[in-house]
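This report concerns only the one structure given below.
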Amino acid sequence: MKKVLPFIKTIKLGDVLIIFMLMGLIIFIINKSWNTPIGQYLKIEKNNEPPKIISLNQIKEEKIAGLLGDSNISIVDGKARFSKAPCTKKYCIHQGWINKVNQTIVCLPNQITISITDGSESYDSVNY
Amino acid sequence: MVVRVMTPLTIKTTTEDHFIAKLAAIAIVLSIIEFFLPSPIPGVKPGIANIIILYTLVKFNLQTAVWVSLIRVFVSSILVGSLMAPTFFLSLFGAISSLIFLFIFQKLPKKYFSVISLGIIAAFGHILGQFFIARIWIIPHDSIFNLLPLFLISSLIFGVLSGFITNTLLEHKTNRLPN
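Residue numbers (this note's numbering), protein chains in the order written: chain H, 273 to 400; chain A, 116 to 294.
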């Protein structure tokens, strides 16, 4: 208690006001940015090949040949998932359905990545 | 034989320059210490050099704080070895935007706002500047805004802390100008 006392003495009304305003702003941003919109396209990336972009507004079973064998990607009701994979752990299948922008499922053994997009994008990141 | 006498250095330094140098030295040491602190999430750092900038702003003026801040950014990045690397630009634009925010809000009435407000505003400005440069250059994708709340929460906490520490420094009994 003795250590908290100087802090209470220091802080003034305006500070509390600013803290609450910024908390409100943070909650607003959380609501805004953690509710990503639903995407319209599925991007399928395979090792060393240009990405293939297909629409999510269809019912389709896409068969993609990867490093180990064929992976099946099913698209239903604007959602997509891996439905069949030749890998041993099946992590990609257990990821389930994705439909929001920037959601991604990666199948490392078969070297296939699917992600939801809604438009064009450039490079991923600058590293050094 | 002609003896050549080297002309002495004739740059006149004012006492303000000495204060800037000393405060910048402290700020550099603090940011080097901070560089070696482990961080749970990459990029979330306490920003302890912010304390010195706030102290300078309150004790002197904004111009001195700008000097101290920019000297800190350049020298600490040279020492750490990240000059002209993306982290340097993040640090630089964070510092500049932090100073811009401080410039806007430095005239807050002292009666209702203590240094804690300035600390929060500086920390927020730093994060917003960094996110701006990160969004337009380093990771040009909207998905980085998902990280924004995390960084804003940490900047709120560390802003309050650094403001409080600055206040303690300013009110300390043995508080004298460094000379």
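Note that the Cβ used here is the ideal one computed from N, Cα and C, for glycine as well.
Span separating the alpha-carbon of residue i from that of residue j
i	j	result
I290 of chain H	G234 of chain A	11 Å
K222 of chain A	G274 of chain A	18 Å
S191 of chain A	Q178 of chain A	20 Å
Q330 of chain H	N319 of chain H	25 Å
H256 of chain A	R250 of chain A	6 Å
I298 of chain H	F260 of chain A	12 Å
V173 of chain A	V276 of chain H	24 Å
F216 of chain A	Q245 of chain A	13 Å
A140 of chain A	M293 of chain H	35 Å
I219 of chain A	T308 of chain H	33 Å
L265 of chain A	I302 of chain H	9 Å
I272 of chain A	I143 of chain A	22 Å
For residue i, the residue or residues it bridges with in DSSP
i	result
D342 of chain H	H:A337
Y227 of chain A	In the DSSP output, where bridge partners are listed per residue, Y227 of chain A has none listed.
K351 of chain H	H:V348
K332 of chain H	H:I347
Environment of residue i [buried if 16+ CB atoms lie within 10 Å]
i	result
N294 of chain A	A caution first: N294 of chain A carries a pLDDT of 47, below 50, which makes its placement in the model unreliable, though a value can still be read off. The residue in question, N294 of chain A, is exposed, as its Cβ has fewer than 16 Cβ neighbours within 10 Å.
H241 of chain A	buried
V181 of chain A	buried
A210 of chain A	buried
S327 of chain H	exposed
V188 of chain A	buried
F151 of chain A	exposed
G368 of chain H	exposed
Candidates the options, of which the one nearest residue i by Cα
i	options	result
I147 of chain A	A:F246, A:S197 and A:S213	A:S197
F354 of chain H	H:I310, H:P322, H:N374 and H:I316	H:I316
E131 of chain A	A:S269, A:S212, A:F175 and A:F218	A:F175
P161 of chain A	A:L276, A:T122 and A:F216	A:L276
V230 of chain A	A:T129, A:L138, A:S206 and A:L285	A:L285
N399 of chain H	A:L124, A:F203 and A:L271	A:F203
G286 of chain H	A:L124, A:T281 and A:K225	A:K225
P381 of chain H	H:F279, H:N371, H:S343 and H:K335	H:S343
*Would you list, in chain order, the members of the segment 186-206 of chain A that have their beta-carbon closer than 7 Å to a beta-carbon of chain H?*
A200 and P201
*Please name the residues in the segment 277-288 of chain H whose beta-carbon is closer than 8 Å to at least one beta-carbon of chain A, in chain order.*
P278, F279, T282, I283, K284, L285, G286 and D287
*Check distances from the C-beta atoms of the segment 368-387 of chain H to those of chain A and list, in chain order, the residues that come in under 7 Å.*
N374
*In the segment 235-258 of chain A, which residues sit with their C-beta less than 9 Å from some C-beta in chain H, listed in chain order?*
I235, I236, F239, W252, I253, I254, P255, H256, D257 and S258
_Contacting positions in the segment 264-275 of chain A - beta carbon closer than 8 Å to chain H_ = P264, L267, I268, L271 and V275
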